[in-house]
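In what follows, a structure is listed as structure tokens, so that the remarks can point back to it.
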Ligand SMILES: Cc1cc2nc3c(=O)[nH]c(=O)nc-3n(C[C@H](O)[C@H](O)[C@H](O)COP(=O)(O)OP(=O)(O)OC[C@H]3O[C@@H](n4cnc5c(N)ncnc54)[C@H](O)[C@@H]3O)c2cc1C
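Residue numbers (our numbering): 19 to 410.
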């Protein structure tokens, strides 16, 4: 069976795919999203959105709704996981918002995903579930997307936004996800059920040897989001079963009281082994471009994976507009090549910086003492390491 041609075929309906679909639909392209799952959805945990993403959401007319369902924290605080002492903080209101021309927002993933989904639906994006895509073929002036059920869809261009374990990435590069040996546990609970006193107007990260713990309020301050991340000894020993709840408890056993009390309310039936991939300098193959985690999965230490997917969408839409001839017909190969030139070096830098930031968080011994000394003497208004990330 063959379907009518659409301009843009988006493979994957996560935050990255929906952001790209909406960005291109705003520019009046015919857009169709093919999602493998039976329903569009996201896991119910928190997501930090830095100004490089919130500026784009504002341009798309979606920021107010994201802020209305989320929280605008006052501070980002780093504490030592062993002592609980504050090491440094950054005010993320006032000067920060002016400097980066956008707020720092924390949102429930399901809320952001729903807002993007509704924006796509309302603007006329075709949204299809149960569409598992196997491959994309470039055929002269178009693409053919092959589904696992034998169906094909035709379009002018395909966006591979199918996540960390992307099927479509194989058309661009032959590589595998890199296992960091760390695992994340998440959990949300009503804020008033928290086991320890919570700084409700802050995003707090406790950093320590081989572990860190994150806590911040969501949904107008009603919900508490927690993330506990640690290096698995069982993984290091090469054991197939690793990152278990027993390892979670052992990894945080000598942490400060706040963490050990808070740890009881983590979800223990699910965990997220943490992978990224090596940066690539190509994101395109024929008329296919990879975006979001399919192109640049990263460790979450900079809280930038979804932010970068939103940047991808924004840049692609801008490049499509720049490479449009009369009648709106886009020179897609030129638009994809230009997007790759802009995005590949930037996302590579973010991926590498995320790895480095994680190493700094997780050091032990003398390195930890030196880090703590440097952090405690840092001036909170020192933005020199952030301008490249939030300021573009
Ligand atoms: C613990 C943790 C905390 C994080 N915190 C933050 C944060 O605070 N801020 C931030 O910006 N980022 C954060 N991230 C990263 C962020 O979650 C991801 O970068 C982002 O969700 C990626 O979105 P995506 O749409 O590219 O991929 P995904 O969310 O993986 O979506 C891919 C979609 O494609 C579909 N799909 C897959 N294969 C196919 C196929 N063959 N055919 C059709 N559909 C397919 C999937 O079903 C899925 O819906 C965090 C990540 C983790 C693990």
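No residue lacks a Cβ here, since even glycine has one placed at the ideal position from N, Cα and C.
- With three or more CB-CB distances shorter than 8 Å, the stretch 223-236 counts as touching the stretch 270-278.
- Beta bridge pairing from DSSP links residue 290 with 202.
- Between residue 135 and residue 58, the gap from beta carbon to beta carbon is short of 7 Å.
- Non-local beta-carbon contacts of residue 174 in its own chain, meaning distances under 6 Å to residues more than five positions away in sequence, involve 25, 160 and 350 in chain order.
- Looking only at 402, 290 and 219, the smallest Cα-Cα distance to residue 245 is reached by 290.
- Taking C-beta separations shorter than 6 Å and ignoring five residues to either side along the sequence, the partners of residue 357 in its chain run 333, 334 and 337, following chain order.
- By the Cβ test, the stretch 69-79 is in contact with the stretch 324-331, since at least three Cβ pairs between them sit closer than 8 Å.
- Scanning 119, 56, 62 and 293 for the CA closest to the CA of residue 407 turns up 119.
- Judged by their CB atoms, residue 95 and residue 222 are nearer to each other than the 7 Å cut-off.
- In this structure the stretch 199-214 does not touch the stretch 84-93; the number of beta carbon pairs closer than 8 Å is below three.
- DSSP places residue 138 inside the alpha helix (DSSP H), whose first and last residues are 127-141.
- When the Cα atoms are used, residue 283 and residue 169 turn out to be separated by approximately 45 Å.
- Its Cα nearest to that of residue 110, the residue 124 stands out among 98, 99, 103 and 124.
- Beta-carbon to beta-carbon, residue 133 and residue 84 are separated by about 6 Å, close enough to satisfy the 8 Å threshold.
- Here the alpha carbon of residue 188 sits roughly 18 Å from the alpha carbon of residue 53.
- Shown here, residue 395 sits in coil according to DSSP, grouped into three states, outside any helix or strand.
- In the displayed model, residue 170 falls within a strand according to three-state DSSP.
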